[in-house]
Structure formats: C-alpha cells, structure tokens
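**Student:**
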C-alpha cells in the first residue's frame, strides 16, 4: 500500500526552476506587444509577397509561413490581457522608429525577379533576430511566475526554427551564381545595419547585455 | 511593395499561359476543347460521359490555378489593408489561415492533376478569380471571394468528390472531401465577417451582396453551375447551408443559373 501521509517536496529533485526572473509584469507586456507588432508585420508581408513570386515552391511556403506568424501574433495578442493590458492595440507598437525603417526596407522588394532579396530579409535577418530575442526572453523570465509566456515562446520557437531551416534551404536553392551571392549578401548587409540601429526586434536589450561594467582603473 | 497588386502582374513561371474570359469564350475550337462550356457540352460531369475524364482533367487543372489565385487573394488581403475598424485583427488572422489552407489546396490539386495524367500548364489560366479579390473595399472583397468564389469551390469540390466516387478513385474522393471541409470554413468566414462588418450599415451590406451577385453571375455562364440534372457543376445546398447561406440565397443562385442557361446560345 502507498503511504499517503509520507511528505514529498513541492519541487521534485530534478525540477530546478526558480522564482526570480528578469522581467516584471509591465516589462513583459511591453516586450510581448513589440513581438506581436513584429509578427503582424511579418505575416502581412509574407501574404503580400505570395502574388509577386513566380517560383511555385516558394509561393506555397510563403503562404504556409504567413499563417505561422499570424498564429504567433494571435498568441501574443491573447497574452496581453493576462499581463493587465486590456487594450492590446496600445502595446502593439514597434520598439522604435529604426525597427519601422527595417521593416520598410525588408518589404520594399516587389519585382518578380527579387525572390532572393525577399527570402534573405525574412530568413537570414529577421527570423534569426526573432529567435535570439525569444530565446533570451524564454531563458531570462521566471519559469514559474511567467510560465504562460515561456510556453507560448516554446511553441513559437519550434515554428521559427522550422521556418528558418525551410527558408534557408529555399535561398540556397535559388542562389546559382556569384552575382546572386552578391545580391543576397548586399541585401543582408543593408538590413543588418538597420537592425543593428534598432537594437533587435524588441529594441536595445532584445538579447540582454553581456558586457560587465568594470571599475575605472587609476 | 505596393498596396493592391494588379492581376496582369501575378507572378508565374513559363509553364503558365494566361487567357482572358473573352478569349476563352470566343475560342473557335469551343466544344472540342476539353472542359469548354459550349451548350452541347452541358451535362453533369460524370466518368461515363465520352468526354468525362478529359473534362475532369481540365477541371482539376482549373482548380489548381484557382487555388493559386485564392492563395494570392487571401495573402493580398493580409497586406493591402491596415488593421482598424474596417479590417479587424481577427479578420486578418482568418485570411492568413486561409493562405495556409489554399497553399495546401495547391499542393493537393497539383498532385491530383498529376495523378489524373495532366501536366502543369496543359490548360490555360484565367485571372478572373484573383480580379475579384482586388476590390479596394475589404467588405466587398471578402464577399466576392469568400462567399461567391469559395461558394463555387464548394460546388466544384462536391462534384469532383462524386466524380471520384463514381470513377472508383478513392484518392480523388478522399482529397476532395478534405478540401470541401476547408471551403465550407472559408465561406462561413465570409458569411460571419459580412454580417459583423455591416451590422450597422445596411447600405454597405446591400452593396456587398450586389457585388457577390456580379461574381456569382460570372461563374454561372451558360448554366455551368446549377441545380438541374444536366448542370456540369451541381449547386450544393447542404454544404452552403453549413457555410451560412440562407435558403433564399441558395434559391437565388439556382435561379441565376437557370436564367443564364436560358440565355445561352444554342
């Protein structure tokens, strides 16, 4: 017979989760609002590009990924009222003007000959930055008090990694000449500079600050 | 990237050949072209017809290019409008979901076309479906696409599902049934949004329903889709009801088809 009166710890020995996290409720809501803005802008762009790309496999992947990011935006939207933000539109804003400039540049290519640029913007620049910011948030927030955000980010990160891989493979399959490598790299360079100015998808501090302040030497 | 992307510029590879509706209807080969809708060809699509299998192949190719345009149309609705009172966030989420569904439909229909022995590009593409999804008014666009065109898709998929059943083709029947389930969802989305967005605007509701009729009429030429036994594509009452159509609305489409058939050149 099981002894039902024998005490057990509330946290199993292998459960190392701790209470402290880097973000309070307000900071979390602010970041989640920025994420929702980014996911919304991304799914809108992917949807818009579908009609502009002639490559059938790319067209169908963009249509599929469009929904993935819409679903992410919806998850973030549903999280906001749980973080005391009832008017979700109020926090659905870009982190700064530089991020708006990044999205303007990323969504600029329209011509049917520019599939490489379209893919590079999303899969070599934006999605890696999203993965970085989401991973930082996932690892830095409290896994107990903020577990609903962690759970959302885990689902989203799984999508992001899959989509990143698919997008990267599409890019590699599209690049057949040195000139096309230059096109991809030049566009990436331009967008990376804009993202650097923005400080990441959630603005400066998107992935924390690894530098330790040293006392001044005499 | 521009807002409102013109139908003439839809990006396609070299296999696709675009044809206008006028070009198609005035094609002197008329009845000899598989899938044509000249009056002598009007008959319910069944495998037993002498041209049944060829018409089914042509229809499947038409479904494939229609799905591409439906994907492009839903995608453009994500991009063309800003989130606001006119286009709520949830509507855009529905359109993104539709993008995924239409992408799968493209995959299914291109595989089915191959299964039926058809090469991509074997039949011409008509841009009519995407043109309906270029309407600058989101309510009209949604009504034209999700209620008129996706409604037609319900009828087409049900007809093809029955064709698969009669032909003893379980793959065709299975896939059409899955696509049919998605289309009912899309039409219901259109019905729900139309009601929500025009709740306090009767004039706009009427305008949207009028636009739907224009689109429905375009696809009822020669009685192509109707309730009569000899209609090539059968109007599907049960699934339309599930998708939010009233009996009166279904009657109206059936009447429209009968009128179009009566007006068709013999």
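Residue numbers (the numbering used here), protein chains in the order written: chain Z, 1 to 218; chain Y, 219 to 484.
Using N, Cα and C, we set each Cβ at its ideal position, and we do this for glycine too.
Please read these numbers as outputs of a predicted model, since none were measured by experiment.
Taking Cβ positions only, does residue 231 (chain Y) come closer than 8 Å to chain Z?
**Tutor:** Taking Cβ atoms only, chain Z reaches closer than 8 Å to residue 231 (chain Y), which makes this a yes.
**Student:** With H, G and I counted as helix, E and B as strand and the rest as coil, what does DSSP make of residue 237 (chain Y)?
**Tutor:** It is coil, neither helix nor strand.
**Student:** List, in chain order, every chain Z residue whose beta-carbon is nearer than 7 Å to that of residue 324 (chain Y).
**Tutor:** Result: 60.
**Student:** Spatial neighbours of residue 156 (chain Z) within its chain, please: C-beta separation below 8 Å, excluding the five flanking residues on both sides.
**Tutor:** So the list reads 72, 75 and 134, once near-sequence residues are dropped.
**Student:** Determine the extent of the alpha helix (DSSP H) in which residue 148 (chain Z) is found, giving its start and end residues.
**Tutor:** It spans 147 to 174 - the alpha helix (DSSP H) in which residue 148 (chain Z) sits, taken as one unbroken run.
**Student:** Report the rounded CA-to-CA distance for residue 55 (chain Z) versus residue 231 (chain Y), giving the unit in angstroms.
**Tutor:** Whole-angstrom Cα-Cα distance: 7 Å.
**Student:** With DSSP run on the structure shown, which of helix, strand or coil describes residue 9 (chain Z)?
**Tutor:** Correct three-state label for residue 9 (chain Z): coil.
**Student:** Please compile the residues from chain Y whose C-beta is within a distance smaller than 7 Å of the C-beta of residue 64 (chain Z).
**Tutor:** Per Cβ cutoff of 7 Å: 318 and 321.
**Student:** Is residue 129 (chain Z) closer than 8 Å to residue 195 (chain Z) when the C-beta atoms are compared?
**Tutor:** Yes; because the gap between Cβ atoms is below 8 Å, this pair is in contact.
**Student:** For residue 36 (chain Z), count the other beta carbons within 10 Å of its own beta carbon; 16 or more makes it buried, fewer makes it exposed. Which is it?
**Tutor:** Counting Cβ neighbours within 10 Å, residue 36 (chain Z) comes out buried, since at least 16 surround it.
**Student:** Quick one: residues in its chain with C-beta nearer than 8 Å to the C-beta of residue 190 (chain Z), no 5 flanking neighbours on either side, listed in chain order?
**Tutor:** So the qualifying residues of the chain are 105.
**Student:** Along the chain, where does the alpha helix (DSSP H) that runs through residue 262 (chain Y) open and close?
**Tutor:** Run containing residue 262 (chain Y): none; DSSP gives neither H nor E here.
**Student:** Using CA coordinates, which residue listed in Z:90, Z:67 and Z:112 is at the minimum distance from residue 319 (chain Y)?
**Tutor:** Among Z:90, Z:67 and Z:112, the Cα nearest to that of residue 319 (chain Y) is on Z:67.
**Student:** Quick check: residue 472 (chain Y) and residue 444 (chain Y), are their CB atoms within less than 8 Å of each other?
**Tutor:** In this structure, residue 444 (chain Y) lies closer than 8 Å to residue 472 (chain Y) by Cβ.
**Student:** Any beta-carbon of chain Y closer than 8 Å to the one on residue 167 (chain Z)?
**Tutor:** So no, residue 167 (chain Z) is outside the interface.
**Student:** Helix, strand or coil for residue 108 (chain Z), going by three-state DSSP, please let me know.
**Tutor:** Coil, per DSSP.
**Student:** Can you tell which of Y:436, Y:363, Y:395 and Y:286 has its C-alpha closest to the C-alpha of residue 482 (chain Y)?
**Tutor:** Here the closest residue by C-alpha is Y:436.
**Student:** So, residue 201 (chain Z) versus residue 38 (chain Z), is the Cβ gap smaller than 8 Å?
**Tutor:** Yes, the Cβ-Cβ distance between residue 201 (chain Z) and residue 38 (chain Z) is below 8 Å.
**Student:** Taking the C-alpha atoms as reference points, what is the distance between residue 217 (chain Z) and residue 80 (chain Z)?
**Tutor:** Answer to the nearest angstrom: the Cα atoms are 45 Å apart.
**Student:** Going by DSSP in three states, residue 443 (chain Y) sits in which element: helix, strand or coil?
**Tutor:** Note: residue 443 (chain Y) maps to strand in three-state DSSP.
**Student:** State the Cα-Cα distance for the pair residue 352 (chain Y) and residue 225 (chain Y), rounded to the nearest angstrom.
**Tutor:** Roughly 8 Å separates the two Cα atoms.
**Student:** Strictly below 9 Å CB to CB, what residues from chain Z border residue 294 (chain Y)?
**Tutor:** Within chain Z, the residues near residue 294 (chain Y) are 47, 48, 50 and 51.
**Student:** Expressed to the nearest angstrom, what Euclidean distance is found between the alpha-carbon atoms of residue 415 (chain Y) and residue 65 (chain Z)?
**Tutor:** In a straight line, the C-alpha of residue 415 (chain Y) is about 27 Å away from that of residue 65 (chain Z).
**Student:** Between the C-alpha atoms of residue 13 (chain Z) and residue 136 (chain Z), what's the straight-line distance to the nearest angstrom?
**Tutor:** Going by the C-alpha atoms only, they are around 25 Å apart.
**Student:** Going along chain Y, which residues have a C-beta under 7 Å from residue 112 (chain Z)?
**Tutor:** Per Cβ cutoff of 7 Å: 229.
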